[in-house]
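Enquirer: Chains R and Y are the protein sequences, given in the same order. So the first sequence is numbered by the numbering used here: it starts at 67 and just counts up by one. So the second sequence is numbered by the numbering used here: it starts at 67 and just counts up by one.
There are 2 protein chains.
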Amino acid sequence: MADIGARDGSSRDKILEVAEALYARRGFAGVGMREVAEAAGLGKSSLFHHFRSKVQLYLAVLERVLGRIDERLGAALASGDAPAAKLDRWTDALVDALAEQPASARLLLRALFEDEQFDTEEWPEGQAVDQRVESLLAGISRLLEEGMRAGAFRRASTPHVVQTLIGAAIYHFASGELGETLLGGPLLSAEAVRTRKAEMKAFFHEGLAARPAQSRSGDDG
Amino acid sequence: MADIGARDGSSRDKILEVAEALYARRGFAGVGMREVAEAAGLGKSSLFHHFRSKVQLYLAVLERVLGRIDERLGAALASGDAPAAKLDRWTDALVDALAEQPASARLLLRALFEDEQFDTEEWPEGQAVDQRVESLLAGISRLLEEGMRAGAFRRASTPHVVQTLIGAAIYHFASGELGETLLGGPLLSAEAVRTRKAEMKAFFHEGLAARPAQSRSGDDG
DNA sequence: GTCTATATCACGATAGAC
DNA sequence: GTCTATCGTGATATAGAC
Numbered sequence: 067m068a069d070i071g072a073r074d075g076s077s078r079d080k081i082l083e084v085a086e087a088l089y090a091r092r093g094f095a096g097v098g099m100r101e102v103a104e105a106a107g108l109g110k111s112s113l114f115h116h117f118r119s120k121v122q123l124y125l126a127v128l129e130r131v132l133g134r135i136d137e138r139l140g141a142a143l144a145s146g147d148a149p150a151a152k153l154d155r156w157t158d159a160l161v162d163a164l165a166e167q168p169a170s171a172r173l174l175l176r177a178l179f180e181d182e183q184f185d186t187e188e189w190p191e192g193q194a195v196d197q198r199v200e201s202l203l204a205g206i207s208r209l210l211e212e213g214m215r216a217g218a219f220r221r222a223s224t225p226h227v228v229q230t231l232i233g234a235a236i237y238h239f240a241s242g243e244l245g246e247t248l249l250g251g252p253l254l255s256a257e258a259v260r261t262r263k264a265e266m267k268a269f270f271h272e273g274l275a276a277r278p279a280q281s282r283s284g285d286d287g
Numbered sequence: 067m068a069d070i071g072a073r074d075g076s077s078r079d080k081i082l083e084v085a086e087a088l089y090a091r092r093g094f095a096g097v098g099m100r101e102v103a104e105a106a107g108l109g110k111s112s113l114f115h116h117f118r119s120k121v122q123l124y125l126a127v128l129e130r131v132l133g134r135i136d137e138r139l140g141a142a143l144a145s146g147d148a149p150a151a152k153l154d155r156w157t158d159a160l161v162d163a164l165a166e167q168p169a170s171a172r173l174l175l176r177a178l179f180e181d182e183q184f185d186t187e188e189w190p191e192g193q194a195v196d197q198r199v200e201s202l203l204a205g206i207s208r209l210l211e212e213g214m215r216a217g218a219f220r221r222a223s224t225p226h227v228v229q230t231l232i233g234a235a236i237y238h239f240a241s242g243e244l245g246e247t248l249l250g251g252p253l254l255s256a257e258a259v260r261t262r263k264a265e266m267k268a269f270f271h272e273g274l275a276a277r278p279a280q281s282r283s284g285d286d287g
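Next comes the structure, spelled out in structure tokens:
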């Protein structure tokens, strides 16, 4: 019962795809079911056949985006590398995930606010969303604590570092026009994505303060 | 300024105050004029007497929030201190501003997306908003570049550092329930605010990597 | 599974009395 | 400046034919 219609995803997937883009652009309240239906090439009532309510559709979109990101980040953490190298991989994976699905950063930031409008525990899709978030935070938190114990990272508040890492990545890719004005170019070009990774990793490794000449490892691309 | 009836701000200020809280919680599309009016103790038509349209009200709320923040940050940059100390003050001021007005972080993040729904240049309030943002970004950018020239900061991409600073602050205070779960306590208590300032400044100064006291062997800790 | 209605309600905005 | 009443539109969601 839990996976009805999972095999025939032709309409369902199309709906999730167009809804993701629309919700990212104008948010939960700003997108009507009629608009989603038309963008998916369906009548409004057909859309209600696939998703019983607007909330359910929204949560399903969220879960799909979070699932993609969580899988990538989990893979980045699965290697046997040293903590600092793992954090670099995690950063690369997060930036890649956000950049490859341009809607995701905005969708997730919006979700931060909008899921307070309804109770996520009321819907099965909402519980899946909560689990994905928990998995994501637990993964990076575990890495940071391992790294501190091993002496690779300085002693800091793990939750605060997590907040800083996520904020630095997600805000950047959600900043849209404002960010592009600041950068003087696109946010999502291959070059801009490469630069963002390098700048973030340099920040994590060195902070901002100038330092006397010191040995460093290189960065990837 | 060019405002009519600015002397009697009793209704107008009340409207802006309640609208700020509502827009922060549910966004532009999610809050109706009727709800704003009732929260301000007015009828809907009376609200339309003070603000000719919903867009105008929204932009006025935004401008007020940005104005408060821009003034604080400007003051932090006005001192004659060294760049690193100025950046610390700027960080303190940004964190204080976001923490003292709990709605502001969410409101500003939402505005990142939502002002693409209408043309800010079409309304005088929108132009004021754009000017505030420009002033804010120019201020911190100037400080960073001065600091790099003076050798206080390492050479980095100024716009990327700006994105990281803003993202680290604004995401944290907009993260709401999720952030409080992660922190295991409130985001806005005096202690939590103090901690956030310290963690952010430590990150800017040192990054995350442990700094070897003598050599890079990684055996300390 | 998709469709054409339709029910019910809230939206932004306006008119005009007081 | 605040109110009641209303216009026109579009929202979520349902009923039921095919």
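Every residue, glycine too, gets a C-beta built ideally from N, C-alpha and C. All figures in this text were calculated on a predicted structure; none of them were measured in a lab.
1) Whole alpha helix (DSSP H) runs in the stretch 201 to 284 of chain R with 4 or more residues, listed along the chain?
2) Count the other CB atoms within 10 Å of the CB of Pro225 (chain R); is the residue buried (16 or more) or exposed (fewer)?
3) Give the DSSP-derived three-state secondary structure of Asp181 (chain Y) in the structure shown.
4) Using a Cβ-Cβ cut-off of less than 9 Å, list which residues of the stretch 166 to 182 of chain Y approach chain R; keep chain order.
5) List, in order along the chain, the chain Y residues whose C-beta lies closer than 9 Å to that of Val320 (chain R)?
6) For Val228 (chain Y) and His115 (chain R), what's the separation of their Cα atoms in angstroms?
7) At the level of alpha carbons, what is the spacing between Glu34 (chain Y) and Arg91 (chain Y)?
8) Counting only Cβ pairs nearer than 7 Å, list the residues of chain Y close to Val131 (chain R).
9) Shorter than 7 Å from the beta carbon of Ala275 (chain R) to some beta carbon of chain Y?
10) Are the stretch 231 to 241 of chain Y and the stretch 116 to 135 of chain Y touching by the rule of at least three beta carbon pairs closer than 8 Å?
11) Is Ser111 (chain R) buried or exposed, if buried means 16 or more other CB atoms sit within 10 Å of its CB?
12) What residues in the stretch 237 to 267 of chain R have a beta carbon less than 8 Å from any beta carbon of chain Y?
13) For a contact meaning CB atoms closer than 8 Å, what does Phe270 (chain R) contact in chain Y?
14) Could you check which residue in Y:Asp154, Y:Gly107, Y:Val84 has the C-alpha nearest to that of Ala235 (chain Y)?
15) What residues of chain R sit near Leu203 (chain Y), judged by a beta carbon separation below 9 Å?
16) According to the neighbour-count rule (16 or more other Cβ atoms, all chains shown, within 10 Å of its Cβ), is Pro278 (chain R) buried or exposed?
17) Taking the beta carbon of Ala46 (chain Y) as the centre, do at least 16 other beta carbons fall within 10 Å, making it buried, or is it exposed?
18) Just to confirm the assignment, what range does the alpha helix (DSSP H) spanning Gln122 (chain Y) have?
19) Quick check: the stretch 87 to 102 of chain Y against the stretch 93 to 103 of chain R, are at least 3 beta-carbon pairs closer than 8 Å?
20) To the nearest angstrom, how far is it from the Cα of Ala72 (chain Y) to the Cα of Asp79 (chain Y)?
21) Taking its Cβ as the centre, do 16 or more other Cβ atoms sit within 10 Å of Glu243 (chain R), making it buried, or is it exposed?
Expert: A quick look at the data gives this:
1) 224 to 240, 242 to 249, 256 to 272
2) buried
3) Assigned with DSSP and collapsed to three states, Asp181 (chain Y) falls in coil, not helix or strand.
4) Arg172, Leu175, Arg176, Leu178, Phe179, Glu180, Asp181, Glu182
5) There is simply no residue 320 (chain R) to check, as chain R begins at 67 and stops at 287 in what is shown.
6) 46 Å
7) The structure shown does not extend to residue 34 (chain Y), since chain Y is modelled only from 67 to 287, so the question has no answer here.
8) By Cβ distance, chain Y contributes nothing, its closest Cβ being about 15 Å from Val131 (chain R), past 7 Å.
9) Answer yes: the Cβ-Cβ gap between Ala275 (chain R) and chain Y drops below 7 Å somewhere.
10) no
11) Answer is exposed; the Cβ neighbour count stays below 16.
12) Tyr237, His238, Ala240, Ser241, Gly242, Glu243, Leu244, Gly245, Leu248, Leu249, Gly250, Thr261, Arg262, Glu265, Met266
13) Per Cβ cutoff of 8 Å: Gly273, Leu274, Ala275.
14) Y:Asp154
15) Under the 9 Å cutoff, chain R gives Leu244, Thr247, Leu248.
16) exposed
17) Nothing in the structure corresponds to residue 46 (chain Y), since chain Y is present only between 67 and 287.
18) 120 to 143
19) yes
20) Residue placement at Ala72 (chain Y) is flagged as unreliable, the pLDDT there being 43, under the threshold of 50; a coordinate-derived value is accordingly withheld.
21) exposed
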